[in-house]
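Below is one structure, written out as structure tokens, with a few remarks after it.
In the numbering used here, the protein residues as written are 113 to 646.
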């Protein structure tokens with residue numbers, strides 16, 4: 113463990129914005145002050161077209177409308193600002209370069225992914241070849257592809273990583289609806305689980321590998337993924353979201369696998385890893401019942417964040433009706449606080465939520481939340497009672513209250529993907545929402561509250577430090593976030609943002625790296641970006 117104290121910036125440093133001296137392993141960006149605060153969540157306005165996000169997807173199949181509405185917000189060209197990728201069924205997805213101030217320019221790609229009519233459902237940005245640039249991974253009908261990042265936000269034509277060998281998505285194939293990434297086998301590189309949307313249907317020869325299944329993808333170290341059925345002997349449920357996280361704090365990754373209330377429904381599974389077998393694959397045991405997570409939901413999006421400031425990662429999943437939230441109470445056990453936390457809308461169970469981010473949107477030191485709303489089945493017609501939802505955190509309570517009205521609630525188009533990121537680099541998060549009418553970008557001016565953002569540089573080959581957990585103690589509050597990739601229809605930036613309210617300094621910054629090592633720093637300046645290197 114490294115314990116170090118930085119040298120506080122002097123008056124000259126503060127006035128000039130120059131970075132203070134830093135201990136080994138971290139570096140500071142310049143001070144970013146807010147001269148004219150634009151306070152509160154009511155300050156957000158919609159500005160997508162004005163910022164260059166002016167495309168509208170062509171919806172050709174209503175049942176796959178959610179596939180057109182995914183969003184990835186992360187740094188694609190290593191220039192220290194988040195770029196954007198949106199969903200596309202068969203053409204190359206729309207890719208947008210951030211100019212560093214929150215303006216966007218589309219970067220054309222000269223390829224398509226159409227292959228015998230197989231559609232793409234989800235996108236992810238993950239560095240598979242260890243060159244420091246996130247590659248594009250696509251999942252969809254019976255196939256998973258990867259497209260190498262060539263630099264300058266251009267991607268090579270996709271190559272096939274996995275195929276079910278079938279064109280019948282409901283019988284012999286799998287339509288992969290989402291992915292979660294992490295080093296599940298402990299060898300340093302990134303593996304994945306891809307969820308299958310449709311329930312397992314038996315084939316003529318009852319071959320589990322040919323039937324619809326959730327897929328475990330093990331990285332061979334060179335960026336190639338070998339796919340095997342995740343739970344070949346367990347009845348397949350309709351699964352849309354999954355998340356790797358270390359629930360039992362034993363330094364290996366467990367897997368939350370959330371199913372849908374639709375066909376062949378089953379309760380949420382919490383698969384606890386039992387170690388890696390001789391074949392190099394991890395073994396799992398479902399302990400959802402004893403851990404308090406065996407609930408029947410219809411989750412489409414998920415976020416893991418410390419809701420109550422106890423230093424443990426809690427879980428929130430969108431549902432039909434209230435957002436389902438579970439507080440970690442220790443020992444891997446969770447308590448259901450769905451009915452008390454306040455993440456609900458006036459529509460009750462008539463409202464369907466999709467992507468969700470639980471973040472501090474105004475830097476006041478209290479978490480807020482935003483979720484996209486859309487009908488569960490667009491093919492049956494768009495229901496106007498599915499607005500996007502914005503909740504304001506109630507200080508000191510761990511609860512939320514719905515903000516009625518405003519631009520979020522006014523958008524009644526079916527929306528699915530959500531990602532919060534500091535696109536204009538002013539120290540305050542903005543929100544991009546993806547829907548069938550095109551993207552929305554909600555932004556406000558800077559806020560007076562303190563903040564920090566932490567970018568991690570992990571050990572090769574996991575340079576993005578996917579799976580790392582960062583704890584920030586400041587102003588008498590504890591905040592925890594983890595480096596995740598895809599979370600349902602959305603992927604946010606690898607850079608972790610913490611609103612700090614009236615804190616004058618960060619008392620302690622702790623980083624639990626994916627390889628089990630821990631680094632700590634004390635007395636860190638606020639209102640600066642931090643880069644920490646393993």
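By construction, the Cβ of each residue, glycine as well, lies at the ideal position given by its N, Cα and C atoms. Keep in mind it's a predicted model, so treat the numbers as computed, not measured.
Limits of the unbroken alpha helix (DSSP H) element including residue i
i	result
residue 522	518–522
residue 400	400–403
Alpha carbon of residue i to alpha carbon of residue j, nearest angstrom
i	j	result
residue 111	residue 521	Nothing in the structure corresponds to residue 111, since the chain is present only between 113 and 646.
residue 583	residue 638	14 Å
residue 457	residue 169	28 Å
residue 405	residue 543	29 Å
residue 576	residue 402	33 Å
residue 635	residue 607	20 Å
residue 471	residue 604	11 Å
residue 318	residue 288	Unreliable placement is indicated for residue 318, whose pLDDT of 48 sits below 50; the coordinate value is still reported in the next sentence. In a straight line, the C-alpha of residue 318 is about 20 Å away from that of residue 288.
residue 201	residue 143	42 Å
residue 203	residue 562	42 Å
residue 513	residue 460	14 Å
residue 644	residue 139	7 Å
residue 523	residue 362	44 Å
residue 333	residue 354	23 Å
residue 640	residue 564	6 Å
residue 265	residue 189	6 Å
residue 377	residue 223	38 Å
residue 347	residue 218	43 Å
residue 273	residue 234	15 Å
residue 591	residue 225	41 Å
residue 611	residue 487	32 Å
residue 364	residue 183	28 Å
residue 450	residue 629	34 Å
residue 440	residue 425	6 Å
residue 206	residue 442	42 Å
residue 336	residue 517	48 Å
residue 447	residue 509	16 Å
residue 609	residue 574	20 Å
residue 148	residue 386	53 Å
residue 344	residue 633	45 Å
residue 594	residue 433	26 Å
Residue interval of the beta strand (DSSP E) (run including residue i)
i	result
residue 384	381–388
residue 581	581–586
residue 552	552–555
residue 428	426–429
residue 355	351–357
residue 437	436–442
residue 502	501–506
residue 608	608–613
residue 341	337–341
residue 631	630–636
residue 589	589–594
residue 408	It is not in any beta strand (DSSP E) - residue 408 carries neither H nor E in the DSSP assignment.
residue 622	618–624
residue 291	288–294
residue 565	562–569
residue 513	511–514
residue 642	640–645
Cβ-Cβ separation, residue j to residue i (assumed contact under 8 Å), whole Å
i	j	result
residue 599	residue 415	6 Å
residue 559	residue 146	6 Å
residue 254	residue 276	4 Å
residue 331	residue 301	4 Å
residue 215	residue 631	Between residue 631 and residue 215 the Cβ distance is about 35 Å, and since that is not below 8 Å, they are no contact.
residue 327	residue 308	7 Å
residue 88	residue 248	Past the boundaries of the shown model lies residue 88; the chain is included only from 113 to 646, so the question cannot be answered.
residue 298	residue 388	6 Å
residue 186	residue 195	7 Å
Min CB distance residue i to chain B below 8 Å
i	result
residue 409	Of the protein chains in this structure there is only one, and it is not chain B.
Any non-hydrogen atom of the ligand FAD within 7 Å of residue i CB
i	result
residue 436	For the structure depicted, the ligand FAD is absent and the ligand set is empty, with no information on it obtainable.
Three or more C-beta pairs under 8 Å: does that hold for the segment 542–560 against the segment 148–158? Yes, the segment 542–560 touches the segment 148–158.
What are the complete beta strand (DSSP E) segments, minimum 3 residues, inside the segment 449–481? Assignment of beta strand (DSSP E) within the segment 449–481, counting only whole runs of 3 or more residues, yields 465–471 in chain order.
Mind listing, in chain order, the continuous beta strand (DSSP E) runs of no fewer than 3 residues lying wholly within the segment 217–277? DSSP runs (the beta strand (DSSP E)) wholly in the segment 217–277: 232–238, 247–252, 255–259, 261–263 and 271–275.
Would you call the segment 237–249 and the segment 257–277 touching, i.e. three or more CB-CB distances under 8 Å? Because the criterion of three Cβ pairs below 8 Å is met, the segment 237–249 and the segment 257–277 touch.
Three or more beta-carbon pairs under 8 Å between the segment 409–424 and the segment 381–394, yes or no? Too few Cβ pairs lie closer than 8 Å, so no.
Is the segment 457–474 touching the segment 523–543 in the sense that three or more CB pairs, one from each, lie closer than 8 Å? Taking a cut-off of 8 Å for Cβ pairs, the segment 523–543 and the segment 457–474 touch, as three or more such pairs fall below it.
At least 3 beta-carbon pairs within less than 8 Å: the segment 469–485 vs the segment 617–626: Short answer: they don't touch.
Would the segment 417–428 count as touching the segment 389–398 if we require 3 or more Cβ pairs under 8 Å? Using a Cβ-Cβ distance cut-off of 8 Å, the segment 417–428 and the segment 389–398 are not in contact, since fewer than three pairs of beta carbons, one from each stretch, lie closer than that value.
For the segment 447–461 and the segment 498–509, state whether three or more C-beta atom pairs, one from each stretch, are separated by less than 8 Å. A contact between stretches requires three or more CB pairs, one per stretch, nearer than 8 Å, and the segment 447–461 meets this requirement with the segment 498–509.
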